[in-house]
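Notes for the one structure printed next.
In the numbering used here, the protein residues as written are 19 to 318.
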């Protein structure tokens with residue numbers, strides 16, 4: 019497995035940066051994750067940090083060195099992150115829980131699958147053209163739907179997220195067979211809010227990710243001006259040839275099956291992060307899987 023990857027997070031005109039992102043991989047599977055803590059609720063950066071740490075911990079536990087079922091992992095990981103955010107709010111006796119968006123991508127067996135909740139996006143670019151992108155869980159993306167009263171709603175408002183008292187809505191996509199040079203980009207709304215899809219796809223497709231991503235971020239910050247949102251991106255180029263020395267190329271061919279590498283560090287959680295042990299993760303997975311089974315049984 020061979021890929022190049024670049025990640026960056028820049029604070030715009032906001033008081034603080036509540037975005038979090040990272041990636042991790044084994045010999046035969048790689049995970050990318052990005053979360054954007056939501057303003058208007060307390061400790062959005064904590065929600066985002068809990069989300070990416072939970073997903074990373076579950077990936078490390080299950081990818082040995084591959085995930086048995088990628089689609090099941092994605093939904094279980096997202097719901098596990100939601101569960102941990104709610105647990106954090108309960109532990110802290112918070113009247114309003116922290117909330118965040120989340121987008122996760124897994125590449126395994128040369129195929130990409132992903133899941134998202136909220137308006138943090140994933141773009142799949144091939145040959146400089148946009149092949150696919152996620153659709154935001156916002157009223158803006160429903161503007162063409164025949165829903166009475168929608169014209170009176172702030173269309174930028176999200177109708178689902180992680181950390182809300184209600185179960186999050188999410189969409190799973192893939193697997194998509196990747197081709198040489200395909201790019202996958204995960205980003206917060208600070209990027210796509212300033213740059214249109216065509217611009218993102220064109221710039222991402224014509225340069226290596228280590229050059230394209232910083233340029234895209236700078237363009238977004240410059241275009242949005244003083245009121246810019248935070249801009250966070252993690253992007254990869256699939257099967258980059260060894261001759262592209264300027265990129266941060268990663269080859270997993272020579273590592274052993276039990277190796278796990280990650281850029282996701284423990285954040286400002288300390289004691290709570292320590293609670294993300296095997297027993298807690300196993301309990302969360304069991305509870306979520308049981309809820310999924312009950313829901314499926316009711317539909318029969």
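Quick reminder that beta carbons are idealized off the backbone N, C-alpha and C, glycines included. Since this is a predicted model, take the numbers as computed values, not measurements.
(request) Compute every distance between the C-beta of residue 240 and the non-hydrogen atoms of the ligand GTP, then say whether any falls below 7 Å. (result) Looking at this structure, you won't find the ligand GTP or any other ligand, since it has none at all.
(request) Pull up the distance between the alpha-carbon of residue 257 and that of residue 133, whole angstroms please. (result) 22 Å
(request) For the alpha helix (DSSP H) containing residue 224, list its first residue and its last residue. (result) 215-224
(message) Taking 8 Å as the threshold (C-beta atoms), are residue 47 and residue 126 in contact?
(response) yes
(request) Look up residue 278 in the DSSP assignment and give the residues it is bridged to. (result) Partner(s): none; residue 278 has no beta bridge.
(message) Rounded to the nearest angstrom, what separates residue 117 and residue 33 at their Cα positions?
(response) 17 Å
(request) Assign residue 98 to one of two classes, buried (16 or more other C-beta atoms within 10 Å of its C-beta) or exposed (fewer than that). (result) buried
(request) Could you check if residue 255 is buried or exposed, using at least 16 other CB atoms within 10 Å of its CB as the buried criterion? (result) buried
(message) So residue 142 and residue 130 are supposed to be a Cβ contact under 8 Å. How far apart are they, rounded?
(response) 7 Å
(message) Using the Cβ count rule (16 or more neighbours within 10 Å means buried), how would you classify residue 44?
(response) buried
(message) Can you check which of these residues, 221, 248, 223, is closest to residue 138 by C-alpha distance?
(response) 248
(message) If contact is defined by three or more beta carbon pairs under 8 Å, each pair taking one atom from either stretch, is the segment 94-114 in contact with the segment 65-73?
(response) yes
(request) Taking 8 Å as the cut-off, decide whether the C-beta atoms of residue 123 and residue 50 are in contact. (result) yes
(message) Going by DSSP in three states, residue 227 sits in which element: helix, strand or coil?
(response) helix
(message) Does residue 250 come out as helix, strand or coil in the three-state DSSP assignment?
(response) strand
(request) Using beta-carbon positions only, say whether residue 281 and residue 25 come within less than 8 Å of one another. (result) yes
(request) Look at the alpha carbon of residue 194 and the alpha carbon of residue 107, and state the distance between them as a whole number of angstroms. (result) 36 Å
(request) Tell me residue 118's beta-bridge partners as DSSP assigns them. (result) 55, 180
(message) Less than 8 Å between the beta carbons of residue 27 and residue 226, yes or no?
(response) no
(request) Jot down the residue ranges of each uninterrupted beta strand (DSSP E) in the segment 118-146, minimum 3 residues, whole runs only, in chain order. (result) 120-126, 129-135, 139-144
(request) Along the alpha helix (DSSP H) that carries residue 73, what are the first and last residues, could you check? (result) 62-80
(request) May I ask you to report which of helix, strand or coil DSSP gives residue 10? (result) As shown, the chain starts at 19 and ends at 318. That puts residue 10 outside it, with no answer to give.
(message) I'd like the list of long-range same chain contacts for residue 63, defined as Cβ closer than 6 Å, with 5 residues on each side in sequence excluded.
(response) 36, 55
(request) On a CA-only basis, which of 191, 190, 159 is nearest residue 177? Give me that one, please. (result) 159
(message) Within a Cβ cutoff of 8 Å, which residues of the same chain sit near residue 41, ignoring the five residues on either side of it in sequence?
(response) 23, 25, 48, 49, 50, 51, 252, 254, 280, 281, 282
(request) Identify every residue that forms a DSSP beta bridge with residue 41. (result) 50
(message) Based on DSSP bridge pairs, tell me the residues matched to residue 189.
(response) 134
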